[in-house]
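Comments concern the structure below.
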Amino acid sequence: MTDLMSYDDAMAAFDPAMGLEVHVELNTATKMFCGCPTEFGAEPNTQTCPTCLGLPGSLPVVNGKAIESAMRIGLALNCEIAEWCRFARKNYFYPDMPKNFQTSQYDEPIAFDGYLDVEVDGEIFRVDIERAHMEEDTGKSLHVGGSTGRIQGADYSLVDYNRAGIPLIEIVTRPIMGAGEKAPAVAKAYVATLRDLLLGLDVSDVRMEQGSMRCDVNLSLSPKGAGTLGTRTETKNVNSLRSVERAARYEVSRQAALLAAGGSILQETRHWHEDTGVTTAGREKSDADDYRYFPEPDLVPVAPSREWVAELKAGLPEPLRDKRARLQGDWGFTDLEMRDVVASDAVGLIEETIAAGSSPQAARKWWVAELTRRANEDGVELTELPITPEQVARIQALVDEGAINDKLARQVFDGVLAGEGEPDAVVAARGLAVVSDDGALGEAIDRAIAANPDVADKIREGKVAAAGALIGAVMKDMRGQADAGRVRELVLEKLS
Amino acid sequence: MPEITRDEVAHLATLARIDLSDAELDHLAPQLSVILESVASITGVAGDDVPPTSHAIPLTNVFRDDVVTPSLTAEQALAMAPASEQQRFLVPRILGDEQ
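Those protein sequences? They're chains C and V, same order as listed.
Per this note's numbering, the very first residue in the first sequence carries number 1; after that it's consecutive.
Per this note's numbering, the very first residue in the second sequence carries number 1; after that it's consecutive.
Here it is in structure tokens:
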């Protein structure tokens, strides 16, 4: 069992430093160096050709759209764009690349020296970007044999090269220091902000659950106030926003316990396990990490003209912070409300819900208050809940029409989330419609009055405030399927 | 002058997964040194006005449009594989027992 120090104790003794490496698959129609399609979920090995299979005599040709996307990402991250850069071969022996090398960039990235501002609890942290470089994705392996489906203990592996050669951009931060106890939250906010920025650029699907955006978290601790960098670990396979924060917190607790016990940190790759919430040791960094990079002889250098760069820069979408400020104004949210919306990762969802016809406040109420709680209970991202902005807007429309009330709406959410179909179908199947038949309501009110004669007398004497008890009894009688406002009207009418 | 040591040759052989015996290392290391020295003589010929290059032709920005071209079928792709299973390339165990 791994020793862990509580997060608070760890933060009292150590300062964390983090570096984040995010890999983003571009949404080009074709691969980086050949015309094979890039569709997710295709049958194995149906999207390959001699080039991406590394067959002798095949030659790569760069996808111009991928170069453009890489530069737009660099510009949106406030980076310099290289005037001249090359691809390089990263040589290694691993069957996920049939060429025995990955075409990447080494010391000449297309974009470098940028930054991204991220917000945590209303405070802005500037994350410095060291570089964004172009490379290609690798194939996918299935490990067969052994008990776990992992590479350790497998008898053999099966490889699908559909993904091999899909354009990837790797975005690398400089060490993030000085965030203290907020470091894990900054990491999560950085990845979330980067995802929103990439969505705005329309350069990637950025679906973490499908692997089109993946994050490696490098983390080290140094004694509080020392201002030095400790030995770091590199945690791979962190594939959800929640996990970015959880993995960082876990590594803080694990490393702190080791250091406090007089141990030292091994510079190694660690694997994040989403299910158990722990990291385990992977490969130790060693001399074997000598990739013998050299310039790719089959690809000529990329030298974007300054005119091209200026044109791409002029065509960038509205910066995220400006957009958020504009949306907050449009929606009439207070700073605190907007902060909750951002923290819930609900900006895009609310935008779409409003576009589908909901009022801003109703969209905020359902996504931030109701659905965020449910997502947390289920341990999933808000965006992963099986409900669409259109469905949320429809449920609110049913409330606005008076067909259901807020209480019934929650049951409609239950039904939609449970896969019972569209909101209208759930209302019909569960019989959730508000009873607006005054006859049925009148009978329930008569029953409530008969059961609570003293309350009824008070109302007759003019103590209108007492009506709440009767309304409550009626709503209970009607199993919540009544419009409380209408019940109140009818009660006061009867007892006036 | 560039010189490659016996240890460096042994390291390169390991990286390239080439199993060299001591005798082969003794034999090959000096030969590689001679080859490197021969190639290095070019640097003596090039003047200060000749920048180092990695490509034989002075071209940049050769791009293709983002247009799909037909892929191989899975049968064609796997035809050259020594073994396949579940429409995937079968590769031997990746990690050794010690890992």
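Think of the CB as a built atom: it goes at the ideal place given N, C-alpha and C, for glycine as much as any other residue.
Self-check item: the region 482-496 of chain C / the region 16-36 of chain V touching (three or more Cβ pairs under 8 Å)
Solution: no
Practice problem: Using a cut-off of 7 Å between C-beta atoms, extract the partners of Leu53 of chain C located in chain V. | Solution: Ala77
Quiz item: Is the distance from the Cβ of Leu201 of chain C to the Cβ of Arg72 of chain C below 7 Å?
Solution: yes
Exercise. List the endpoints of the continuous alpha helix (DSSP H) containing Val22 of chain C.
Key: It is not in any alpha helix (DSSP H) - Val22 of chain C instead sits in the beta strand (DSSP E) that spans Phe14 to Glu25.
Self-check item: Between the CA atoms of Pro44 of chain C and Ala74 of chain V - distance to the nearest angstrom
Solution: 7 Å
Quiz item: Is there a Cβ from chain C that is less than 7 Å from the Cβ of Ile18 of chain V?
Solution: no
Exercise. Indicate whether at least one CB of chain C lies closer than 7 Å to the CB of Arg93 of chain V.
Key: yes
Quiz item: Going by C-alpha distance, which of C:Val244, C:Arg283, C:Asp290 and C:Val127 is nearest Tyr92 of chain C?
Solution: C:Asp290
Quiz item: For Leu20 of chain V, which residues from the same chain have a beta carbon less than 6 Å from its beta carbon, with the 5 sequence-adjacent residues on both sides left out?
Solution: Ala13
Practice problem: Measure the Cβ-Cβ separation of Ala13 of chain C and Lys313 of chain C and say whether it is below 7 Å. | Solution: no
Quiz item: With 7 Å set as the bound, which would you pick, yes or no: does the beta-carbon of Val159 of chain C sit closer than that to a beta-carbon of chain V?
Solution: yes
Quiz prompt | Counterpart residues of His133 of chain C in DSSP-defined beta bridges | solution = C:Glu170
Quiz item: Do Trp308 of chain C and the ligand NAP come close, with the Cβ less than 6 Å from some heavy atom?
Solution: What this structure holds is no ligand at all, so the ligand NAP is not there to describe.
Quiz item: So, Val91 of chain V versus Val144 of chain C, is the Cβ gap smaller than 7 Å?
Solution: no
Quiz item: Which residues share a DSSP beta bridge with Pro70 of chain V?
Solution: Paired residue(s): none; Pro70 of chain V is not in a bridge.
Quiz item: For the beta strand (DSSP E) that contains Ala88 of chain C, what are its first and last residues?
Solution: Ala88 to Asn91
Practice problem: Would you decide whether Met80 of chain V is buried or exposed? Buried here means 16 or more other CB atoms lie within 10 Å of its CB. | Solution: exposed
Quiz prompt | Ordered list of alpha helix (DSSP H) runs contained in the region 139-211 of chain C, each at least 4 residues | solution = 183-201
Self-check item: Sequence-distant residues of the same chain with beta carbon closer than 7 Å to Lys188 of chain C, five excluded per side
Solution: Leu241, Val244 and Glu245
Exercise. Look up Met1 of chain V in the DSSP assignment and say whether it is helix, strand or coil.
Key: Note that Met1 of chain V scores a pLDDT of 49, beneath 50, so its modelled location is shaky and nothing firm can be said.
Exercise. Put Ala338 of chain C into one of helix, strand or coil per three-state DSSP.
Key: Correcting the residue type first, residue 338 of chain C is Met in the shown sequence and not Ala. Helix at Met338 of chain C.
Quiz item: When the cut-off is 7 Å and only beta carbons count, does Asp290 of chain C lie next to chain V?
Solution: yes
Quiz item: Should Asn376 of chain C go down as buried or exposed, given a rule of 16 or more other Cβ atoms within 10 Å for buried?
Solution: exposed
Self-check item: Neighbouring residues, chain C, relative to Glu85 of chain V (Cβ below 7 Å)
Solution: Leu158
Practice problem: In the DSSP assignment, find the alpha helix (DSSP H) that holds Leu266 of chain C and state where it starts and stops. | Solution: Here Leu266 of chain C belongs to no alpha helix (DSSP H), and DSSP marks it neither H nor E.
Practice problem: At 8 Å on the CB atoms, spell out the chain V contacts of Arg86 of chain C, in chain order. | Solution: Ser54
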